[in-house]
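> One structure coming up, written as structure tokens, with questions to follow.
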Amino acid sequence: MSGPPRLDRRLAAGLSPREHLDRARSLRISGRPKQAASELRRLKWRGQDETTRRRELARAELSAGSPSRALNVLPSGSSAGAEDHLLRSRAFRNRGWHLFPGRGDQRYFRDCVKAAESAIDVELSEDSDSAAHVLRLECATQTGQLEVTLESWRWLESNRSAEPRREWLGRRLGVAMAQSKKLDTVRALSRTLKSQERCL
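Structure below.
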């Protein structure tokens with residue numbers, strides 16, 4: 000995949016947009032997201048190729064631990080597509096955790112919820128829809144928007160989501176509900192999390 004830097008750059012110079020994107024994806028997946036992001040930042044195309052480049056660059060920046068850079072390359076508002084909203088939600092979530100507990104973290108968690116809701120409003124694949132609800136659940140729990148969290152929890156339950164962090168998300172939601180004295184909701188939640196029932 001990667002040879003001496005000078006040779007590597009010479010080989011990359013002759014790649015088509017699709018080959019550049021495949022290369023960047025491979026670099027990101029193989030644990031070299033900083034290199035993927037660095038290469039993609041030097042490129043600029045038009046049309047759909049440019050849209051795809053920006054999304055892959057955002058994924059690389061997120062994998063490299065740079066959510067602010069990811070947000071800088073993604074469109075917002077009416078020019079953003081479903082995938083853009085989902086990536087923005089992840090970036091806001093990551094930025095919030097970078098700041099937590101500290102000044103400004105709540106703003107990013109609230110923005111995470113809004114971006115996840117924008118993604119949910121657009122027709123997504125089942126996997127992307129599930130990812131949007133997971134982000135909404137995680138960030139809304141952090142900001143105390145408990146009715147919102149319950150909506151996403153119920154959606155994930157009814158769609159039998161196989162989210163690997165389900166137990167962690169449910170436990171955090173249960174603790175937030177207990178702190179707000181919503182004990183009936185905690186009991187109902189505990190019945191859907193048998194492994195956490197005693198804890199909740």
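For the sequence shown, position 81 matches number 80 in numbering that gives the first Met the number 0, and the numbering has no gaps at all.
Where a beta carbon is used, it is the ideal one built from N, C-alpha and C, also for glycine.
Computed from a predicted model, the values in this text were never measured in an experiment.
In chain order, which alpha helix (DSSP H) runs of at least 4 residues are fully inside the segment 18-43?
32-40
> Should K180 be labelled buried (16 or more other beta-carbon atoms within 10 Å of its own) or exposed?
The count along the sequence shown starts at 1 and reaches residue 180 at position 181. Burial call: exposed.
> For the candidate residues S88, E146, G101, whose alpha-carbon lies nearest to that of S127?
On the sequence shown, position 128 is the one that residue 127 refers to. Looking at the Cα atoms, S88 is the closest of the given residues.
> In chain order, what residues of the same chain lie with their CB nearer than 7 Å to the CB of A35, ignoring the 5 residues before and after it?
Locating residue 35 in the sequence shown gives position 36, counting from the first residue. Excluding sequence neighbours, A35 sits near A23, L26, R27, A59.
> Taking Cβ positions only, does R92 come closer than 8 Å to chain D?
Here there is only one protein chain, and chain D is not present.
> Using beta-carbon positions only, say whether A79 and A69 come within less than 8 Å of one another.
As a working note, residue 79 is residue 80 in the sequence shown. As a working note, residue 69 is residue 70 in the sequence shown. No, these two residues do not count as a Cβ contact at 8 Å.
> Using C-beta distances below 7 Å, list every residue in its chain close to L14, excluding the 5 sequence neighbours before and after it, in chain order.
Your numbering for residue 14 matches position 15 in the sequence shown. Taken in chain order, the residues that qualify are R22.
> Using the beta-carbon count (16 or more within 10 Å), is A175 buried or exposed?
For the purposes of this step, residue 175 is identified with residue 176 of the sequence shown, where counting begins at 1. Classification of A175: buried, given that the 10 Å Cβ count is 16 or more.
> Spatial neighbours of L188 within its chain, please: C-beta separation below 7 Å, excluding the five flanking residues on both sides.
The count along the sequence shown starts at 1 and reaches residue 188 at position 189. Within the same chain, L188 has close Cβ partners G169, L172, G173, M176, L199.
> Among R52, R45, N71, which one has its Cα closest to the Cα of L39?
In the sequence shown, the residue the question calls residue 39 occupies position 40. Among R52, R45, N71, the Cα nearest to that of L39 belongs to R52.
> Would you report the Cα separation of F108 and A114, rounded to the nearest angstrom?
Indexing the sequence shown from 1 puts residue 108 at position 109. Indexing the sequence shown from 1 puts residue 114 at position 115. Computed Cα separation, rounded: 10 Å.
> List the endpoints of the continuous alpha helix (DSSP H) containing V112.
Locating residue 112 in the sequence shown gives position 113, where the first residue counts as 1. Run containing V112: 104-120, per the alpha helix (DSSP H) assignment.
> Can you give me the start and stop residues for the alpha helix (DSSP H) that F91 sits inside?
As a first step, residue 91 is located in the sequence shown; it is residue number 92 there, counting from the start. Per DSSP, F91 belongs to the alpha helix (DSSP H) from 81-98.
> Which of the three DSSP states is assigned to N158 in this structure?
As a position in the sequence shown, residue 158 is number 159, starting the count at 1. If DSSP states are grouped into helix, strand and coil, N158 belongs with coil.
> I'd like the span of the alpha helix (DSSP H) that includes Q47, first residue to last.
As a position in the sequence shown, residue 47 is number 48, starting the count at 1. Under the DSSP assignment, Q47 falls in the alpha helix (DSSP H) whose first and last residues are 46-62.
> Going by CA-CA distance only, name the one from T191, D120, D48 that's closest to L149.
Translated into the one-based positions of the sequence shown, residue 149 becomes position 150. It is T191 whose Cα lies nearest to the Cα of L149.
> Can you give me the start and stop residues for the alpha helix (DSSP H) that L136 sits inside?
In the sequence shown, counting from the first residue as 1, residue 136 sits at position 137. Run containing L136: 125-142, per the alpha helix (DSSP H) assignment.
> Just mark E116 as buried or exposed, buried being the case when its beta carbon has 16 or more other beta carbons within 10 Å.
Reading the sequence shown from its first residue, position 117 is the one you call residue 116. E116 counts as buried, since no fewer than 16 other beta carbons sit within 10 angstroms of its beta carbon.
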